[in-house]
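**Student:** Residue 826 in the working numbering sits at position 188 of the sequence shown, and the numbers go up by one each step. C-beta atoms are modelled at their ideal positions from N, C-alpha and C, and glycine is treated no differently. None of these values were measured; they are calculated from a predicted model.
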Amino acid sequence: MRPVGADAPRCRGCGGARSRRVADLGPQPASDAFPPPDAPGPDPRTPLELWACPDCALVQLGPVEPPPEETVRAVESATSREHARRVVADVLADHPGLAGGTVREFCSHHGGSWLGALAGHGCLPAPQGRPADLVVDVHALAHEQDVAGALALLAAALAPQGLLVVEHHHLLPLVEQSQFDTVRHGHWSYLSLTALDRLAGRHGLRVVRAVTEPVFGGSLRVVLARTGSAHRPDGTVEDVLRRERAAGLHDGSGLERLGERAGASAAALHDLLVAERAAGHRVLGYGAPSKAAVLLGLAGVGPDLLGFTVDASPLKHGRSIAGVRVPVRPVADLVAARPDVVLVLTWDIADEVVGALEADGGWGARYVLPIPSVHERTPEVAR
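1. Identify whether phenylalanine 854 lies in helix, strand or coil by the three-state DSSP scheme.
2. For a test of the three-state rule: what should DSSP assign to valine 939, helix, strand or coil?
3. With DSSP collapsed to three states, give me the class of glutamate 714.
4. Keeping to the same chain, check which residues put their C-beta closer than 8 angstroms to that of proline 641; ignore five residues upstream and five downstream.
5. Give me, in chain order, the residues of the same chain whose beta-carbon lies closer than 8 angstroms to that of arginine 1004; leave out the 5 immediate sequence neighbours on both sides.
6. Note down, one range per segment and in chain order, each alpha helix (DSSP H) of at least 4 residues found wholly within the stretch 715-742.
7. Quick check on this structure: which residue in Ala797, Asp732, Arg822 has the alpha carbon closest to the alpha carbon of proline 667?
8. According to the Cβ coordinates, are proline 1017 and valine 992 closer than 7 angstroms?
9. Among Arg719, Leu756, Gly654, Asp942, which has the Cα closest to the Cα of valine 726?
10. Rounded to the nearest angstrom, what separates alanine 644 and histidine 825 at their Cα positions?
11. Considering only C-alpha positions, which residue in the set Gly758, Leu936, Ala833, Val774 is nearest to alanine 795?
12. Quick check on the DSSP output: the alpha helix (DSSP H) that includes glutamate 882 runs from which residue to which?
13. Tell me the rounded alpha-carbon separation between aspartate 989 and alanine 661.
14. Straight-line CA distance for arginine 881 to leucine 858?
15. With a threshold of 8 angstroms on Cβ separation, who are the neighbours of aspartate 877 within its own chain once the five nearest residues in sequence on each side are excluded?
16. Helix, strand or coil, according to DSSP, for glycine 901 in the structure here?
17. Spatial neighbours of proline 968 within its chain, please: C-beta separation below 7 angstroms, excluding the five flanking residues on both sides.
18. Buried or exposed: glycine 758, going by 16 or more other Cβ atoms within 10 Å of its Cβ?
19. Assign proline 665 to one of three DSSP states: helix, strand, or coil.
20. Does DSSP classify aspartate 670 as helix, strand or coil?
21. Roughly how many angstroms separate the alpha carbons of methionine 639 and alanine 671, rounded to a whole number?
22. Give me the Cα-Cα distance between alanine 904 and arginine 920, rounded to the nearest whole angstrom.
23. I'd like the span of the alpha helix (DSSP H) that includes arginine 1015, first residue to last.
24. Quick check: what's the CA-CA separation for alanine 974 versus glycine 938?
25. Quick one: what's leucine 922 bridged to in DSSP?
26. Between valine 697 and glycine 918, what straight-line distance do the alpha-carbon atoms span, to the nearest angstrom?
27. Measuring only between beta-carbons, confirm whether glutamate 720 sits less than 7 angstroms from chain E.
28. The beta strand (DSSP E) spanning glutamate 805 covers which residue range?
29. Could you check whether the stretch 758-768 touches the stretch 734-746, counting it as contact only if at least three pairs of C-beta atoms, one from each stretch, sit closer than 8 angstroms?
30. Mind listing, in chain order, the continuous alpha helix (DSSP H) runs of no fewer than 4 residues lying wholly within the stretch 816-864?
31. Alpha carbon to alpha carbon, how far is proline 840 from alanine 690?
32. Under 7 angstroms, do valine 845 and valine 875 count as touching if we go by C-beta distance?
33. Within its chain, find whatever has a CB closer than 6 angstroms to the CB of threonine 717; leave out the 5 residues flanking it on each side and keep chain order.
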């Protein structure tokens, strides 16, 4: 990857040319690269910057070329699967007329699929070329370089009285909880309801409902309909918009200290691991999510401080976290090693992780989470 274009990139959502840089996390590697630990280095890096558009409020990556296509895929967590079942039940409870209707899904392998849960309610894929009663976008929009083009495709797939459900990681908790490791190459946009509401109108859509969800550290489930349909906005829309205005998401001002807070959190993690090493404690990691590259890179954490991490995905075993080359091994290796401290890199499913490791009583390990600030999670809290 390399920087391209000028200092005022065209907005990916509205095409405006007045975007400004609001956060700079420095040069970072492709988070999904997962090179072998002994591969020739250093890993290529590209500036990781966030830009905010004053016209549509979309927060997005700066002008960089796309990272190489991902070859290592994550394993869907039990938390994500249960979330899909619950959300589908909620959507169909709110709109019972959709049960047994047609559906079209746009999804990311990071977000999982809702098709299985929808099929359990009689929803079948729409015939090729036919609009669907229900269109769902499951954490896919953030992976689209052309946000405007992606929204146009979603709108075109929707039947006149149908509903579009877009679930995405919410910019609000990213800012409020300093979830800086969520910012990475390959995630082209960081959506707020403010931005989605403004952009939807360009494609003949309007937001009618917005529901916060805990998945992935804080997501937003947004329901949209055609502007000429019978669907009308409810009170949840203005409630979320009000909270976003208070946090400075309407103009990007809320992100201006993200880089500073990221640096402080990363330094705190580094200092903790140094102190644990000095005390003779062994620290190992759980999880090799794509966001680990940014977190460990900013913290300056390599194999000297974190001997290895483990992951449920067999495709990641024998590889390493890009930029820092922390090896990735099977989960069984962590259990066998019985470290004093487990650094939970998949902090968004910490309850699931700690619960699984403590299912047989554990071995007395302490569990450290890096976000929103470095803190310990006790097994009792996780249960």
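**Tutor:** Reading off the structure:
1. DSSP, read as helix, strand or coil, puts phenylalanine 854 in helix.
2. Note: valine 939 maps to coil in three-state DSSP.
3. In the three-state DSSP reduction, glutamate 714 falls in the coil class, being neither helix nor strand.
4. In this predicted model, proline 641 has a pLDDT of only 39, less than 50, meaning its place in the structure is not dependable; the value taken from the coordinates is given anyway. Excluding residues within five positions, the ones whose Cβ falls inside 8 angstroms are Thr684, Pro685, Gly700, Pro701, Val702.
5. Excluding positions up to five away in sequence, the list reads Asp978, Val979, Val980, Glu1014.
6. For the stretch 715-742, the continuous alpha helix (DSSP H) assignments of 4+ residues that do not extend past its boundaries occur at 716-732, in sequence order.
7. The shortest C-alpha separation from proline 667 is found at Arg822.
8. When the beta-carbon positions are compared, proline 1017 and valine 992 come within less than 7 angstroms of each other.
9. Nearest C-alpha to valine 726 among Arg719, Leu756, Gly654, Asp942: Leu756.
10. No answer about alanine 644 holds up, because its pLDDT of 47 lies below 50 and its placement is not dependable.
11. With respect to the C-alpha of alanine 795, the residue from Gly758, Leu936, Ala833, Val774 having the closest C-alpha is Val774.
12. Looking at the DSSP string, the run of the alpha helix (DSSP H) that includes glutamate 882 is 873-884.
13. Their backbone Cα atoms lie some 30 angstroms apart in a straight line.
14. Arginine 881 and leucine 858 have their C-alpha atoms some 13 angstroms from each other.
15. So the qualifying residues of the chain are Ala848.
16. Note: glycine 901 maps to helix in three-state DSSP.
17. Closer than 7 angstroms at Cβ, skipping near neighbours: Val948, His955.
18. Glycine 758 comes out exposed.
19. Three-state result, proline 665: strand.
20. Here aspartate 670 sits in coil by DSSP.
21. Note that methionine 639 scores a pLDDT of 38, beneath 50, so its modelled location is shaky; the value from the coordinates is reported in the next line. Alanine 671 has its alpha-carbon roughly 12 angstroms from the corresponding atom of methionine 639.
22. Put simply, the backbone Cα of alanine 904 is about 19 angstroms away from that of arginine 920.
23. From DSSP, arginine 1015 is part of no alpha helix (DSSP H) but of the beta strand (DSSP E) over 1013-1015.
24. Going by the C-alpha atoms only, they are around 26 angstroms apart.
25. Beta-bridge pairing links leucine 922 to Val980.
26. Rounded to the nearest angstrom, the gap between the Cα atoms of valine 697 and glycine 918 is 43 angstroms.
27. The chain inventory of the structure shown lacks chain E, comprising one protein chain alone.
28. For glutamate 805, the enclosing beta strand (DSSP E) covers residues 796-807.
29. The stretch 758-768 vs the stretch 734-746: in contact.
30. Listed in chain order, the alpha helix (DSSP H) elements of length 4 or more contained wholly in the stretch 816-864 are 831-838.
31. Note that residue 840 is arginine in the sequence shown, not proline. One C-alpha to the other measures close to 18 angstroms.
32. Against a cut-off of 7 angstroms, the Cβ pair of valine 875 and valine 845 comes out as a contact.
33. So the list reads Ile987, Glu990, once near-sequence residues are dropped.
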